[in-house]
Each structure stands twice: as structure tokens, then as C-alpha cells.
Amino acid sequence: MRAVVAQLPASEDSDDKAFLTPNAVVLLDGASAFRPVPVPPATYASQLGANLRDQLLAEPSGDLRTMLGRAIKETAAGLELVPGRSPSSTVTIARETGGWVDVLALGDSVAVLPNEVITDDRMDALDLEPRRTYRERLSAGGGFDDRHREILRSLQTEQAARRNREGGYWIAEASEKAAQHALIERRRVDEVPWLVLATDGAYDPMKHLGLNDWPQVSAMDTDSLHGLLVQCQAWESGVDPSGEALPRAKRHDDKSLVAVLPGA
7 MRAVVAQLPA SEDSDDKAFL TPNAVVLLDG ASAFRPVPVP PATYASQLGA
57 NLRDQLLAEP SGDLRTMLGR AIKETAAGLE LVPGRSPSST VTIARETGGW
107 VDVLALGDSV AVLPNEVITD DRMDALDLEP RRTYRERLSA GGGFDDRHRE
157 ILRSLQTEQA ARRNREGGYW IAEASEKAAQ HALIERRRVD EVPWLVLATD
207 GAYDPMKHLG LNDWPQVSAM DTDSLHGLLV QCQAWESGVD PSGEALPRAK
257 RHDDKSLVAV LPGA
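Sequential numbering of the sequence shown, starting at 7, is according to my numbering.
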């Protein structure tokens, strides 16, 4: 498996984290915290990803949900986190094993494969009122002001009340049971000549700007992938600084891409 990673900003300054093993890629997007949390989202995502990488190294063909559950439990214990009051992160895994490609999705990062997009949209499907409000307000020119941040705090309060419970949504946080609700898709290797993993900070502007020629993206090197992210960031700053054309939580979300060629 060939995997090429690009991030903006660089990993050490980002809430996005990427980890590689010989047969797997793990991409995490620590959720920006508009409410107080005991450790930074980047710290949580980094520790969770490292724990998950270590499990994948020890069990390259192991059950993905089981390993994710262990990694969440270890991370919560190590950082002394409490369910419902802790940072959270999306988790996307692409793994090649035994002639198959497995994709795990927990949260709204994206895996693009030929003819399909795999993501977990259960949080957005809740269609919470503060989410509608902030997007409508941005479209009307309200901008990323104090009122915008106040609405995002309300949104995260409502999301926290529905986190990791039936009728709500599931995400990596401090309860390992969330892992058992991760979505998993399996495809034969010969059906997946390429795939691209992306956090929403990269995927959304790339799609909006028509930079989503995914077969071409999958063959890019690090510099070319990074160039796409820079192009997205420049558009956000220069053309849509107030989020009117593409409503989003922040002017610039962290952006990550992983181009993967199974079998390479």
C-alpha cells in the first residue's frame, strides 16, 4: 500500500493527525472545541491515533472496531477523560489485508473510492437548529463574529447531549462503546485501484472549487497534494473570507489529504 500525506497546517500545528503502518492509514480530525475541554483536541487525536497505530502494527488483520475500542479506552485512561465532557475526533481507517480493502468511518471525514464516497453523516443528520442558524447567518453575510462563536457553543452543547447514545450520533471520545458503531465497508483490492482520505476541511472546499478529480488526486505526490490545500486556503481568505459561498464553522479549518494506492 502506497500512502502519501499532505496537511495544512503541518501536523504539529493541526488538530488533524495521520498515522501510517505498512498496510493501513489512520486519519483523525480532532473537533475544534468552542466549549471548554480538559485537553486540547490535537492532544487527544494524537494520542488516539498513536494507540490505534500501535494496535494495527501488532494485529495487521485484527478486527478494526475492537482495536478502535481499545485505543479509545487507553486514550481516555491516559488523559483522564470523562465521557460527555472531553474532546472528540473523527476516525477514518483504510487497510489492505488478505486481498481486501477495509474502510472504517466514525465521524464526518471522507474516504473517496472509485464510484463511491464513504463517510459517517449521522451527526449532521440530526439537523440541529444551531447548525442551521449559523449556516444561514453566514450565507446572509453575518461573518465569523462573536455571535457566530456563540451559536457554535450552543451547537456543541446540543451535540454533546446526543453524543455516543442511541438516537444521537457516535464519535471517538471517552467511551469505547462508540467503536462498535463505526461504519465499515469492505471491497476487493481489484475494485479499489485508488482511494483518497480527506478531512472535511479539505474535502468541502475541494468539492466546491471543482478540485475533486479524485483519480488524479490519488496519484499526486506530497507537494502536489499540498498545493491543492494551499489553493483552498487562498480561496477561503481571498474570495470567501466570511463564509458566504461555503458556510463553515471557521474561516480556515485544518486540511488533510492522504492519497492511497492499494497493492503498490
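Heads up, the beta-carbon is just placed ideally off N, CA and C, and yes, glycines get one too.
Counting only the same chain and skipping the five closest in sequence on each side, list residues whose C-beta sits under 6 Å from that of Thr205.
Locating residue 205 in the sequence shown gives position 199, counting from the first residue. By the criterion of a C-beta distance shorter than 6 Å, Thr205 is surrounded in its chain by Asp22, Asp35, Ser115 and Ser262, once the five residues flanking it on both sides are discounted.
Among Pro89, Arg91, Leu58 and Glu86, whose alpha-carbon lies nearest the alpha-carbon of Gly75?
In the sequence shown, residue 75 corresponds to position 69, counting from 1. Measuring from the Cα of Gly75, the nearest candidate turns out to be Leu58.
So for Leu132, helix, strand or coil by DSSP?
Position 126 of the sequence shown, counted from the first residue, corresponds to residue 132. Note: Leu132 maps to helix in three-state DSSP.
Go ahead and label Thr228 buried or exposed: buried means 16 or more other beta carbons lie within 10 angstroms of its beta carbon, across all protein chains shown.
In the sequence shown, counting from the first residue as 1, residue 228 sits at position 222. Counting of Cβ neighbours within 10 angstroms places Thr228 among the exposed residues, the total staying below 16.
Which residues in the same chain have their Cβ closer than 6 Å to the Cβ of Met7, if we skip the five residues on either side of it in sequence?
Residue 7 sits at position 1 when you count from the first residue of the sequence shown. The residues are Asn29, Glu102 and Pro268.
With burial defined as no fewer than 16 other Cβ atoms inside 10 Å of the residue's Cβ, what is the status of Arg169: buried or exposed?
If you number the sequence shown from 1, residue 169 lands on position 163. Buried, by the Cβ-count rule.
Give the range of the alpha helix (DSSP H) segment to which Arg153 is assigned.
Taking the first residue of the sequence shown as 1, we reach residue 153 at position 147. Arg153: member of the alpha helix (DSSP H) spanning Asp152 to Arg168, first to last residue.
How far does the alpha helix (DSSP H) with Arg41 in it reach, from first residue to last?
Here residue 41 refers to the residue found at position 35 when the sequence shown is read from its first residue. Element bounds for Arg41: n/a, residue is neither H nor E.
Once the 5 residues before and after Gly105 are set aside, which same chain residues still bring their CB inside 7 Å of it?
Along the sequence shown, one-based indexing puts residue 105 at 99. Here the set comprises Arg194 and Val195.
Rounded to the nearest angstrom, what separates Glu182 and Asp130 at their Cα positions?
Stepping through the sequence shown from its first residue, residue 182 is reached at position 176. Stepping through the sequence shown from its first residue, residue 130 is reached at position 124. Distance between the alpha carbons of Glu182 and Asp130 is about 22 Å.
Between Ala265 and Ser224, is the Cβ-Cβ spacing less than 8 Å?
Taking the sequence shown and counting its residues from 1, one reaches residue 265 at position 259. Taking the sequence shown and counting its residues from 1, one reaches residue 224 at position 218. Closer than 8 Å, so yes.
CB contact flag (Ala184, Leu112, <8 Å):
Here residue 184 refers to the residue found at position 178 when the sequence shown is read from its first residue. Here residue 112 refers to the residue found at position 106 when the sequence shown is read from its first residue. Yes, they are a contact pair.
Burial state of Ser243, where buried means 16 or more other Cβ atoms lie within 10 Å
Looking up residue 243 in the sequence shown gives position 237. Exposed.
Within 8 Å, strictly: CB atoms of Ala48 and Ser20:
Numbered from its first residue, the sequence shown carries residue 48 at position 42. Numbered from its first residue, the sequence shown carries residue 20 at position 14. With a cutoff of 8 Å on beta-carbon distance, Ala48 and Ser20 are scored as near each other.
Tell me whether Leu63 is buried or exposed, calling it buried when 16 or more other Cβ atoms sit within 10 Å of its Cβ.
One-based indexing of the sequence shown puts residue 63 at position 57. An exposed status is given to Leu63, since fewer than 16 other beta-carbon atoms sit within 10 Å of its beta-carbon.
Own chain residues within Cβ distance below 6 Å of Val202, not counting five before or after
What you label residue 202 is simply residue 196 of the sequence shown in a count that begins at 1. Answer for Val202: Val118, Trp220, Val223, Ser224 and Ala265, listed in chain order.
Spell out the partners DSSP gives Tyr175 in its beta bridges.
Locating residue 175 in the sequence shown gives position 169, counting from the first residue. For Tyr175, which the question treats as bridged, DSSP gives the partners Arg169.
Can the beta-carbon of Val198 be found less than 8 Å from the beta-carbon of Val123?
For the purposes of this step, residue 198 is taken as the residue at position 192 of the sequence shown. For the purposes of this step, residue 123 is taken as the residue at position 117 of the sequence shown. The answer is no: Cβ separation not under 8 Å.
Could you give the first and the last residue of the continuous alpha helix (DSSP H) run that contains Ala180?
To locate residue 180, count along the sequence shown from 1; it is residue 174. Segment: none, Ala180 is in no alpha helix (DSSP H) and carries neither H nor E.
Could you give the residue range of the beta strand (DSSP E) that holds Lys23?
Numbered from 1 along the sequence shown, position 17 holds the residue referred to as residue 23. Run containing Lys23: Asp22 to Thr27, per the beta strand (DSSP E) assignment.
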